[in-house]
Amino acid sequence: MQDSLKEFISANFARIELQEHKNGQTILEAECQPGDLVEFCRCLFCDQHMYYAMLVVEESAEQWIIKHVFYAPSGEMLHVLVRLPLAQTILPSIATQVHAADWHEREAEDLFGLTFEGHPRLGDFVLHDHWPEGTNPMRSSFDASQSLPPGKQASDWQPIRLLESEGSFAMPIGPIYSDVSESALFVLETVGEDVLRTIPRLFYKHRGIEKLAEGQKAHDVLLLAERFSGTASFAHTLAFCRAMETIGQIQIPARAQSIRLFVAELERVRHHVSALAKLCASTALAVAASQASILEEQMLRLSCKLSGHRFLFGMNTIGGLSMDIPEELFRQVLQESQEVGGRLLRLRRKLTRTSSFLDRLQDVGVISQQDARAHAMLGPAARACGISMDLRQALPYGPYGDASSLHIPTEQEGDGYARMRIFFEEIQVSLQLMKDALETMPKGPVAAENADCGAGAALGWSEAPGGGTFHWVRTDEEGKVLRWRLGTPSFANWHGFHLAAEKFAFQDFPIILASMGLSVAESDR
Amino acid sequence: MSRWLTEGLLTHKPTTAYPARPESTAGISPGLPVPSSELTGQALEQLVSMCRVGALSKEKNTLGFDDGRCIHCMRCKGKSPKELEWDDSYEWARLTKLGEKNLAKLSASFKASLYIRTIDAGACAACLTEISLLAGPNYNMHRLGFFMTPTPRKADVLLVSGPVTDHMRDHLLEAYDSMPEPKRVIAVGACAMTGGVFGPSFTCAAGLSDMIPVDVVVPGCPPPPLALLHALLVLTGRKQQAEKIRALGSDRS
Numbered sequence: 001m002q003d004s005l006k007e008f009i010s011a012n013f014a015r016i017e018l019q020e021h022k023n024g025q026t027i028l029e030a031e032c033q034p035g036d037l038v039e040f041c042r043c044l045f046c047d048q049h050m051y052y053a054m055l056v057v058e059e060s061a062e063q064w065i066i067k068h069v070f071y072a073p074s075g076e077m078l079h080v081l082v083r084l085p086l087a088q089t090i091l092p093s094i095a096t097q098v099h100a101a102d103w104h105e106r107e108a109e110d111l112f113g114l115t116f117e118g119h120p121r122l123g124d125f126v127l128h129d130h131w132p133e134g135t136n137p138m139r140s141s142f143d144a145s146q147s148l149p150p151g152k153q154a155s156d157w158q159p160i161r162l163l164e165s166e167g168s169f170a171m172p173i174g175p176i177y178s179d180v181s182e183s184a185l186f187v188l189e190t191v192g193e194d195v196l197r198t199i200p201r202l203f204y205k206h207r208g209i210e211k212l213a214e215g216q217k218a219h220d221v222l223l224l225a226e227r228f229s230g231t232a233s234f235a236h237t238l239a240f241c242r243a244m245e246t247i248g249q250i251q252i253p254a255r256a257q258s259i260r261l262f263v264a265e266l267e268r269v270r271h272h273v274s275a276l277a278k279l280c281a282s283t284a285l286a287v288a289a290s291q292a293s294i295l296e297e298q299m300l301r302l303s304c305k306l307s308g309h310r311f312l313f314g315m316n317t318i319g320g321l322s323m324d325i326p327e328e329l330f331r332q333v334l335q336e337s338q339e340v341g342g343r344l345l346r347l348r349r350k351l352t353r354t355s356s357f358l359d360r361l362q363d364v365g366v367i368s369q370q371d372a373r374a375h376a377m378l379g380p381a382a383r384a385c386g387i388s389m390d391l392r393q394a395l396p397y398g399p400y401g402d403a404s405s406l407h408i409p410t411e412q413e414g415d416g417y418a419r420m421r422i423f424f425e426e427i428q429v430s431l432q433l434m435k436d437a438l439e440t441m442p443k444g445p446v447a448a449e450n451a452d453c454g455a456g457a458a459l460g461w462s463e464a465p466g467g468g469t470f471h472w473v474r475t476d477e478e479g480k481v482l483r484w485r486l487g488t489p490s491f492a493n494w495h496g497f498h499l500a501a502e503k504f505a506f507q508d509f510p511i512i513l514a515s516m517g518l519s520v521a522e523s524d525r
Numbered sequence: 526m527s528r529w530l531t532e533g534l535l536t537h538k539p540t541t542a543y544p545a546r547p548e549s550t551a552g553i554s555p556g557l558p559v560p561s562s563e564l565t566g567q568a569l570e571q572l573v574s575m576c577r578v579g580a581l582s583k584e585k586n587t588l589g590f591d592d593g594r595c596i597h598c599m600r601c602k603g604k605s606p607k608e609l610e611w612d613d614s615y616e617w618a619r620l621t622k623l624g625e626k627n628l629a630k631l632s633a634s635f636k637a638s639l640y641i642r643t644i645d646a647g648a649c650a651a652c653l654t655e656i657s658l659l660a661g662p663n664y665n666m667h668r669l670g671f672f673m674t675p676t677p678r679k680a681d682v683l684l685v686s687g688p689v690t691d692h693m694r695d696h697l698l699e700a701y702d703s704m705p706e707p708k709r710v711i712a713v714g715a716c717a718m719t720g721g722v723f724g725p726s727f728t729c730a731a732g733l734s735d736m737i738p739v740d741v742v743v744p745g746c747p748p749p750p751l752a753l754l755h756a757l758l759v760l761t762g763r764k765q766q767a768e769k770i771r772a773l774g775s776d777r778s
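Just so you know, the sequences run in chain order Z and X. Each residue of the first sequence is one higher than the last, beginning at 1 in the working numbering. Each residue of the second sequence is one higher than the last, beginning at 526 in the working numbering.
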């Protein structure tokens with residue numbers, strides 16, 4: 001599958017060294033000189049239409065290893081690698097050509113102290129202004145157990161650029177706002193009735209989990225992977241476990257694969273029901289919001305019946321699953337999930353016949369396909385603008401061995417209504433996948449006998465409810481995690497959030513926010 | 526619109542009977558381990574070594590349990606040579622020493638009707654999901670006189686989840702300061718009680734109690750909605766707090 005990509009690179013970029021690493025998974029690595037980096041990445045992103053996954057920065061004893069990870073819907077994956085001596089902290093920014101890398105570079109600048117030459121805006125991103133200058137928590141010399149002296153936050157933060165015109169003003173929303181909401185700040189700029197731009201400021205919830213994981217046993221890092229974003233915990237543990245299983249070359253029993261698929265789809269259903277409940281609530285359609293809330297609670301109870309935990313914590317483990325589940329229980333959960341599915345169809349029918357509801361979603365929060373691609377947006381938000389990207393199909397993994405026939409719902413409009421239809425549609429697809437998984441579920445063990453991992457590095461991924469998530473893990477001989485890097489769908493989608501929040505009426509803001517179905521915790525880490 | 530009205534009226538009322546009667550539907554709570562004095566020797570050692578967050582500990586040759594640290598990782602459940610007892614209930618909330626003192630001073634009006642402001646101080650959003658369900662039909666906290674308010678200036682109670690990240694600390698303090706007296710604080714979940722898996726560290730505090738006075742703590746990762754209802758009822762003196770046995774080995778007040 002990688003052959004055409006290899007040919008293309010050797011034909012057009014003779015100076016770039018291509019290497020294939022086989023360690024449980026085949027990784028195609030292209031090593032670049034810093035001078036070639038920008039043009040090469042531009043070519044991959046703009047001409048070859050590859051997707052941008054994430055930036056991985058690693059600091060070894062003698063050098064920086066900086067990796068841009070690209071992948072294509074046809075299954076190719078390419079790591080573009082640059083090595084720099086430790087003393088050199090300046091490298092070219094690819095963000096001007098590959099806009100999707102924008103936030104990744106800003107984050108690396110904050111956390112590692114690297115400077116990306118040519119990047120239009122660095123500073124005050126993950127670490128807000130009050131952190132002492134020169135604090136780079138991801139550097140190996142930084143002690144993560146210390147508590148930093150509390151710096152006073154400036155209460156009058158403003159974006160670098162603000163509209164200046166007669167009657168213009170900037171309205172801050174957050175970080176504490178609305179009834180029950182995740183902490184984030186939005187600055188809405190307006191010159192009258194309509195809001196022209198929205199500038200989100202995130203990372204109020206930054207917990208530095210990538211740093212906290214360093215030096216911990218993989219089994220303990222799993223607890224962090226499970227808890228940094230509770231609403232997509234199974235998908236993240238799946239990606240993390242798959243990275244570890246690749247490192248340890250652990251074979252997962254067939255039954256475990258099948259159960260993982262079932263549970264991952266169950267989580268997707270619950271996540272989407274929750275997103276729909278929030279969407280109904282944002283339009284103040286009380287009965288619909290209540291109906292969706294009942295279904296959300298029902299899905300949580302089903303998850304708890306199945307795994308013992310309402311958010312499926314404690315189920316995934318490196319090498320398979322921590323528990324087996326009797327056939328009977330699976331049938332019961334499937335049947336009740338299908339009942340929820342049926343009630344959702346009814347809800348959908350009612351919603352699509354309520355014109356006052358549709359008025360508030362149609363043509364609201366529109367994102368164009370071109371913009372979504374430039375920001376490498378993922379998941380339902382991207383599929384609502386016609387981008388048929390789903391890791392279950394693009395890079396089939398573990399339980400989704402042959403998912404070429406997977407139905408991926410897409411819509412073209414890119415507005416709030418399209419996103420709502422995607423949520424509804426994907427729930428039905430997931431229910432079908434759960435049914436298929438149960439019909440073909442083999443008997444046998446649910447965990448590999450030996451789940452020890454030694455030294456190595458691997459990329460694990462999964463299609464989380466919000467979009468594709470990538471976990472890069474490097475371990476030492478004892479199986480301790482040296483570096484864990486997460487590329488989460490919410491991080492990618494928050495980057496593009498401002499596209500949906502331009503030129504709108506103020507009262508539509510909660511609707512735009514809810515229709516995107518984003519998690520702040522997943523992005524802030 | 527009449528369509529929605531009919532739809533609402535036709536829907537079976539799903540609201541729990543709690544607190545009038547205990548709720549026993551499956552799937553309402555992940556449960557917590559129960560410390561037992563019967564576990565000794567090797568079985569005890571093995572259990573304690575299984576716990577990666579320090580919730581289970583060895584105390585004078587019996588099993589100690591710190592509910593503020595338990596994150597329901599389920600690793601001790603059903604895995605020990607001698608079965609660890611598992612409690613599937615949800616009445617987990619406890620008063621701190623300050624909470625006990627404050628409870629005595631509460632006026633009757635405060636007990637019957639409360640306005641609540643939720644603050645996300647770095648939570649993973651599971652706690653927030655459970656909190657948001659309180660206002661839904663299944664738990665319907667309005668029937669008990671509890672309401673959410675968007676502004677701390679009108680709030681009687683602050684419901685805080687998350688380990689309190691460095692970036693949220695000042696905002697949390699500001700919200701607390703702007704509440705009118707009398708005001709009460711509930712620490713929701715393991716993160717807000719002890720920092721959970723995240724704190725204390727360079728980004729997070731060890732929970733809430735170092736920053737603002739806490740009246741009630743609710744263990745859990747996340748505490749299910751019924752545990753949160755219990756916390757609100759304990760805060761207002763309408764329900765007994767959890768038995769102290771859970772708090773073996775911890776005197777967090």
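We put the CB at the ideal spot given by N, CA and C, even for glycine. A quick note: this is a predicted structure, and the numbers were derived from the prediction, not measured.
Secondary structure note for Y400(Z): it is in no beta strand (DSSP E), with a DSSP letter that is neither H nor E. Between D452(Z) and Y204(Z), the C-beta spacing is not below 8 angstroms. CA-to-CA, the gap between S582(X) and F590(X) works out to about 6 angstroms. Counting along the chain, M315(Z) sits inside no beta strand (DSSP E), nor does DSSP assign it H or E at all.
C46(Z) counts as exposed, since fewer than 16 other C-beta atoms from the protein chains shown sit within 10 angstroms of its C-beta. Burial is judged here by how many other beta carbons sit within 10 angstroms of a residue's own beta carbon; D508(Z) has at least 16 and is buried.
Judged by DSSP secondary structure, Q428(Z) falls within the alpha helix (DSSP H) whose first and last residues are G416 to E439. Beyond the five residues adjoining it in sequence on each side, D220(Z) comes within less than 7 angstroms, by CB distance, of no other residue in the same chain. Taking the Cβ atoms as the reference, S561(X) lies roughly 6 angstroms from L588(X), within the contact range of under 8 angstroms.
Within its own chain, the residues whose Cβ lies closer than 7 angstroms to the Cβ of A277(Z), once the five positions on either side in sequence are excluded, are A289, A292, S293 and E296, listed in chain order.
Using a CB distance cut-off of 8 angstroms, A382(Z) does not count as an interface residue toward chain X. Put simply, the backbone Cα of I318(Z) is about 30 angstroms away from that of A30(Z). According to the DSSP secondary-structure assignment, I90(Z) is paired through a beta bridge with T115(Z). Cβ-Cβ distances below 7 angstroms link E426(Z) to R268, H272, P380 and P409 in the same chain, with the five nearest sequence neighbours on each side left out; the list follows chain order. Partner residues in a beta bridge of M323(Z), as assigned by DSSP, do not exist.
With fewer than three CB-CB distances shorter than 8 angstroms, the stretch 367-381 of chain Z does not count as touching the stretch 453-461 of chain Z. The C-beta of M599(X) has 16 or more other C-beta atoms within 10 Å across all chains shown, which makes the residue buried.
In the same chain as P677(X), and ignoring 5 residues on each side of it, the C-beta atoms closer than 6 angstroms to its own belong to R642, A700, S703 and M704, in chain order.
A check of alpha carbon separations from A256(Z) across G248(Z), R242(Z) and I247(Z) identifies R242(Z) as the nearest. Between S165(Z) and the set S183(Z), T190(Z) and P396(Z), the nearest pair of CA atoms involves T190(Z). Our two residues, Q393(Z) and G401(Z), have alpha carbons roughly 9 angstroms apart in a direct line. A buried status is given to T761(X), since no fewer than 16 other beta-carbon atoms sit within 10 Å of its beta-carbon.
Residues of chain X whose Cβ lies closer than 7 angstroms to the Cβ of L302(Z) are, in chain order, G552. Scanning L623(X), G593(X), F635(X) and E610(X) for the CA closest to the CA of V578(X) turns up G593(X). In the structure shown, the three-state DSSP call for L482(Z) is strand. Residue range A254 to S282 is occupied by the alpha helix (DSSP H) that includes I259(Z). Taking a 10 Å sphere around the C-beta of L378(Z), we find 16 or more other C-beta atoms and assign the residue as buried. A direct Cα-to-Cα measurement between G661(X) and K22(Z) gives close to 51 angstroms.
One finds D179 and V180 in chain Z with Cβ atoms closer than 7 angstroms to the Cβ of M673(X), taken in chain order. Interface flag for W529(X) against chain Z is set, since a Cβ pair is found closer than 8 angstroms. Non-local C-beta neighbours of D102(Z) in its own chain, meaning closer than 7 angstroms and more than five positions away in sequence, comprise A95 and H495, ordered along the chain. In terms of beta-carbon proximity, I176(Z) lines the interface with chain X, with at least one pair separated by less than 8 angstroms.
Taking C-beta atoms under 8 angstroms as the contact rule, V689(X) and L733(X) qualify, at a distance of about 6 angstroms. Leaving aside the five residues that flank Q153(Z) on each side, the residues in its chain whose CB is nearer than 7 angstroms to its CB run, in chain order, H128 and H130.
Secondary structure in the stretch 10-43 of chain Z: the alpha helix (DSSP H) runs of 4 residues or longer, each lying completely within the stretch, are 34-42 in chain order. Cβ contact annotation for D645(X) (same chain, cutoff 7 angstroms, sequence separation greater than five): L653, S686 and G687, in chain order.
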